[in-house]
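Line order of the protein sequences matches chains U and V.
Each residue of the first sequence is one higher than the last, beginning at 7 in my numbering.
Each residue of the second sequence is one higher than the last, beginning at 284 in my numbering.
C-beta: ideal position from N, C-alpha, C; glycine also.
All of these numbers come straight from a predicted model, not from anything done at the bench.
First the structure, in the form of structure tokens, and then the observations on it.
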Amino acid sequence: MNVDYNAEPLVQVKDLCKYFQVGRHATLKAVDGVTFNIWKGETVGLVGESGCGKSTCGRCLIRLYEPTSGQVLYDGKDITKLNKEEQKEFTRRVQMIFQNPYASLNPRMTVKEIVGEGLKLQGMPNNEIEAKVQELLETVGLNKDHMSRFPHEFSGGQRQRIGIARALSVDPEFIICDEPISALDVSIQAQVLNMLNRLQDELGLTYLFIAHDLSVVKYLSERVVVMYLGTIVETATSEELYANPMHPYTKALLSSIPEADPRRAKASQRIPIKGEIPSPINPKACCRFANRCEFATERCFNEIPQAREMSPGHIVACHLMEQ
Amino acid sequence: MAEQEKILEIKNLVFTFKTYGGEVKAVRDVSFDVRQGEVLGIVGESGCGKSVTAQCILRLNPEPPGFFEGGEILYKGQDILKMDNKAIRKIRGREIGFVFQDPMTSLNPTMRVGAQIEEVFLGRTDVTKAEVKERALEIMKLVGISDVEKRYKQYPHELSGGMKQRVMIAIALVSKPSVIICDEPTTSLDVTIEAQILELLLELREKLGTSIIMITHDLGVIAKICDRVVVMYGGKIVEKGTADEIYYETSHPYTRGLMTSIARLDTNRGDKLTPIEGTPPDLFSPPVGCPFAARCDYCMDVCNQYPPEQYMLSDEHMTVCWLQHEMAPDTEFRRTKGEAK
């Protein structure tokens, strides 16, 4: 799908922060000053290790969490300042697909109730809901016989399809996919990915695709945002990011991907990355990656690096980029 | 590869769970061997029987409901299936170590890390307490745990995921086993940590000469560390061979399907992935013929009626597929023995 990058972005995230108070003197900075845009019709991948704040960020975008500070503009409007009518419209236009299809479907509701719940809340009369649910189930590759069944009767892949049907039920334009395939089997993952691609072409959807699997993100996304410990370290188009990663963290992350090719995998040299992701509680005001970075200088431990645009659309937050 | 000593041999293993809903035939006639100092990968989707097979080696499956219906598991020539509990306890954890999938839940939250590592020496009279502690600290250093004296006294909740997995590996290694079985050791870890753990396993193999059985569904992990690979589907082995043979001379449609259904770094945007349609077979009533027949693009009449024969394509490479039969149509999977590619 063609994306018009000159238009106003559909979603603008400006300096978004989400802190959790975890003790009297301890603040967990899950998302700390995140800025990026999403244009209509594109897929943006949000990647990072577990605990980097990518899911929290996704949840702030749909107002499952109230941001601590910063703004999320959807279609030019701040989503925290919507009135009741606008809020209802917002929840219709923005939907979410959750990570774990075993936990995100209510076990006491039938498929028809699960998929039709949003329609009911949007005021669709009962007699129309059934036909709509049937149509939705067909879109995601299930059939009407499944309507009266309960979630436990389905396999993981089928459940994820139900979750997708639920998200699609209210004709959204923007869907946040929070690791939609990581709980699925290898052979089923491709089925769901192909379906997400098909739906985007057919319905003109915009996706924010949150994942830790870099190969999948590369396959799906136009642009990729890499997060590390609550901050964005690098943003670029997917071709650019994988061909020419600039931030030391992105480089290390890319070189850690296990390749399904024994000769190449055994020959490839991993860029070593020391230790593990540190705690996001009360972080120091410096580059978050400094203690694991092999190029870190004194400055990295004292000053927060600013995001700089290295080439059009390629934004890196690293002190090393200044030389 | 030179002929190495076979440490572990599994012959025609059949393992069934008897439940109220009927019999689940989890492992159906599986045979393979593990050699001195090699990394053997077992790959397959969830429910294909890979974990059950591995757990059978140490008799970890509760019996009942599980039953061995046949086969032999020979460890250094002795049949594990014929041993009594006492004899198995001598092997379990001491001769053959086990690294479980989820380090978050498989460590005991009420025991200090050090005590858990030393647990395998419990009841042994030939070593003193001080020797055991020294051994535990030494193995903790070996698996890359820093600040061992402090960690020794910590509880699992004080450690990160990667650290816990290192502790799990330390537990498996502490009594210098000759084989360790790793059941999806990196599935719950991030890629950067996964790479560290895999490198650690390879390094330990070099240093200690331990054989490793690596169970995973991730072909990337297999490619990185395995010498030989066993591909399982529906409780059976569908293909086995050296890693190169499996990846570059794939001769079973299921193995091919696994490889084409994952998005790789060199997959272009917009290329359609080719998923394996359908779902794995129901093991309550496994299909009579080939387990993969219902999902196979190359399925022939014979596939649904008779289980395929085993075809040896080289000394190591075996495939279980009717497409290798001389009367089958010519496909990309057809190989003749000794054909070098």
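Short CB-CB distance (under 8 angstroms) between Pro569(V) and chain U: Translated into positions along the second sequence, residue 569(V) becomes position 286. For Pro569(V), no CB of chain U lies under 8 angstroms from its own CB, so it is not counted at the interface with that chain.
Cβ neighbour criterion (16 or more within 10 Å) applied to Met610(V): On the second sequence, position 327 is the one that residue 610(V) refers to. Answer is exposed; the Cβ neighbour count stays below 16.
Selected residue, minimal CA-CA separation from Glu55(U), among Gln77(U), Ala137(U), Leu259(U): Working through the first sequence from its first residue, we reach residue 55(U) at position 49. Per the C-alpha coordinates, the member of Gln77(U), Ala137(U), Leu259(U) positioned closest to Glu55(U) is Leu259(U).
C-alpha distance - Val297(V) paired with Pro563(V), whole-angstrom precision: Residue 297(V) sits at position 14 when you count from the first residue of the second sequence. Residue 563(V) sits at position 280 when you count from the first residue of the second sequence. For Val297(V) and Pro563(V), the distance between alpha carbons rounds to 19 angstroms.
Amino acids of chain V, ordered along the chain, whose beta-carbon sits closer than 8 angstroms to that of Glu240(U): The count along the first sequence starts at 1 and reaches residue 240(U) at position 234. Annotation: Glu240(U) has no Cβ neighbours in chain V at a cutoff of 8 angstroms; minimum Cβ distance is about 15 angstroms.
C-beta neighbour in chain U for His500(V), strict 8 angstroms: Within the second sequence, numbered from 1, the residue matching residue 500(V) stands at position 217. At least one chain U Cβ lies under 8 angstroms of His500(V).
Any C-beta of chain U under 8 angstroms from that of Ser534(V): The residue labelled residue 534(V) in the question sits at position 251 within the second sequence. Cβ-Cβ to chain U under 8 angstroms: no for Ser534(V).
Sequence-distant residues of its chain with Cβ nearer than 7 angstroms to Arg617(V) (five each side left out): Here residue 617(V) is taken as the residue at index 334 of the second sequence, counted from 1. For Arg617(V), where only same-chain residues beyond five positions count, the Cβ hits under 7 angstroms are Leu606, Gln607.
Assigned secondary structure, Gln384(V) (DSSP; H/G/I helix, E/B strand, else coil): Here residue 384(V) refers to the residue found at position 101 when the second sequence is read from its first residue. Here Gln384(V) sits in coil by DSSP.
Chain-ordered chain U contacts of Asp473(V) [CB-CB under 7 angstroms]: Working through the second sequence from its first residue, we reach residue 473(V) at position 190. Under the 7 angstroms cutoff, chain U gives Glu55, Ser56, His218.
Buried versus exposed, by CB contacts within 10 Å (16 or more), Phe307(U): Walking along the first sequence from the start, residue 307(U) turns up at place 301. Around the C-beta of Phe307(U), fewer than 16 other C-beta atoms lie within 10 Å, and the residue is accordingly described as exposed.
Short Cβ contact (8 angstroms threshold) for Asn344(V) with Ser314(V): As a working mapping, residue 344(V) is identified with position 61 in the second sequence. As a working mapping, residue 314(V) is identified with position 31 in the second sequence. Going by C-beta atoms, Asn344(V) is not nearer than 8 angstroms to Ser314(V).
Interface residues of chain V facing Tyr248(U) [CB-CB closer than 7 angstroms]: On the first sequence, position 242 is the one that residue 248(U) refers to. Ordered by position in chain V, the residues that pass the 7 angstroms Cβ test against Tyr248(U) are Leu548.
Contact the region 464 to 474 of chain V vs the region 370 to 388 of chain V: 3+ CB pairs below 8 angstroms: In the pairwise beta carbon analysis, the region 464 to 474 of chain V is classified as touching the region 370 to 388 of chain V: at least three pairs are separated by under 8 angstroms.
Candidates Asp613(V), Asp554(V), Glu592(V), of which the one nearest Tyr581(V) by Cα: The sequence position of residue 581(V) within the second sequence is 298, counting from 1. Considering only Asp613(V), Asp554(V), Glu592(V), the residue with the shortest C-alpha distance to Tyr581(V) is Asp613(V).
Chain V contact for Leu259(U) (CB, 8 angstroms cutoff): Position 253 of the first sequence, counted from the start, is the residue given in the question as residue 259(U). Interface residue, yes.
Neighbour list for Phe445(V) in chain U, Cβ cutoff strictly below 8 angstroms: Indexing the second sequence from 1 puts residue 445(V) at position 162. Before going on, a small fix: residue 445(V) reads as Gly here, not Phe. By Cβ distance, chain U contributes Glu282.
Residues of its chain near Asp21(U), where Cβ-Cβ distance is below 6 angstroms and the 5 sequence neighbours each way are ignored: What you label residue 21(U) is simply residue 15 of the first sequence in a count that begins at 1. Residues Gly39, Thr41, Gly76 of the same chain have their beta carbon placed closer than 6 angstroms to that of Asp21(U), with the five preceding and five following residues left out of the count.
Nearest residue (CA-CA) to Gly236(U), options Phe96(U), Leu52(U), Glu144(U): Start at 1 with the first residue of the first sequence, and residue 236(U) comes out as number 230. Gly236(U) has its Cα closest to that of Leu52(U), out of Phe96(U), Leu52(U), Glu144(U).
C-alpha gap between Glu622(V) and Cys293(U), whole angstroms: Taking the second sequence and counting its residues from 1, the one referred to as residue 622(V) is at position 339. Taking the first sequence and counting its residues from 1, the one referred to as residue 293(U) is at position 287. Model confidence at Glu622(V) stands at a pLDDT of 48, short of 50, so the residue's coordinates are unreliable; what they give is reported in the following sentence. Taking the Cα positions, Glu622(V) is about 56 angstroms away from Cys293(U).
Exposure of Leu291(V), with buried meaning 16 or more beta-carbon neighbours within 10 Å: For this step, residue 291(V) is matched to residue 8 along the second sequence. Burial call: buried.
Cutoff 6 angstroms; reference Glu441(V); Cβ partners in own chain excluding five residues on either side: The residue given as residue 441(V) occupies position 158 in the second sequence. Counting only Cβ-Cβ distances below 6 angstroms, and skipping sequence neighbours, we find nothing.
For Arg167(U), the first and last residue of its enclosing alpha helix (DSSP H): Along the first sequence, one-based indexing puts residue 167(U) at 161. Looking at the DSSP string, the run of the alpha helix (DSSP H) that includes Arg167(U) is 162 to 174.
Closest Cα partner of Gln128(U) within the set Gly281(U), Glu95(U), Arg65(U), Glu141(U): Working through the first sequence from its first residue, we reach residue 128(U) at position 122. Comparing Cα positions, the closest option is Glu95(U).
Within chain V, partners of Tyr234(U) - CB distance below 7 angstroms: Locating residue 234(U) in the first sequence gives position 228, where the first residue counts as 1. Chain V residues near Tyr234(U): none, gap ~11 angstroms exceeds 7 angstroms.
Where Ser221(U) falls: helix, strand or coil (DSSP): Walking along the first sequence from the start, residue 221(U) turns up at place 215. Ser221(U): helix per DSSP, three-state reduction.
Assigned exposure category for Pro439(V) - 16 Cβ within 10 Å defines buried: Position 156 of the second sequence, counting from 1, holds the residue named residue 439(V). Buried is the call here.
Bridge partner(s) assigned by DSSP for Glu306(V): Counting from one through the second sequence, the residue named residue 306(V) turns up at place 23. Within the DSSP secondary-structure output, Glu306(V) pairs in a beta bridge with Lys301(V).
Other residues of its chain near Ala455(V): CB distance less than 7 angstroms, five sequence neighbours each side excluded: On the second sequence, residue 455(V) is found 172 positions in, with the first residue counted as 1. Counting only Cβ-Cβ distances below 7 angstroms, and skipping sequence neighbours, we find Gly380, Phe381, Val382, Ile463.
Inter-stretch contact (C-beta, 8 angstroms, three-pair minimum) for the region 268 to 275 of chain U and the region 320 to 327 of chain U: Between the region 268 to 275 of chain U and the region 320 to 327 of chain U, the count of Cβ pairs shorter than 8 angstroms is below three; the stretches do not touch.
Contact set for Lys24(U): own chain, Cβ-Cβ below 7 angstroms, skip 5 residues either direction: Here residue 24(U) refers to the residue found at position 18 of the first sequence. The answer, listed in chain order, is Ala36, Val37, Thr62, Cys66, Tyr71, Pro73, Thr74.
Inter-residue Cα distance where the pair is Ala478(V) and Ser262(U): For the purposes of this step, residue 478(V) is taken as residue 195 along the second sequence, with counting starting at 1. For the purposes of this step, residue 262(U) is taken as residue 256 along the first sequence, with counting starting at 1. Going by the C-alpha atoms only, they are around 6 angstroms apart.
Length of the line joining the Cα atoms of Val335(V) and Met515(V): What you label residue 335(V) is simply residue 52 of the second sequence in a count that begins at 1. What you label residue 515(V) is simply residue 232 of the second sequence in a count that begins at 1. Approximately 12 angstroms between the Cα atoms of the pair.
Continuous alpha helix (DSSP H) assignments of at least 4 residues falling wholly in the region 527 to 569 of chain V: Complete alpha helix (DSSP H) runs here, min 4: 536 to 543.
Cross-strand partners of Lys20(U) (DSSP beta bridge): Within the first sequence, the letter at position 14 stands for residue 20(U). According to DSSP, which records beta bridges pairwise, Lys20(U) is partnered with Gln77(U).
Environment of Gln197(U) [buried if 16+ CB atoms lie within 10 Å]: Within the first sequence, numbered from 1, the residue matching residue 197(U) stands at position 191. With 16 or more Cβ atoms within 10 Å of its Cβ, Gln197(U) is classed as buried.
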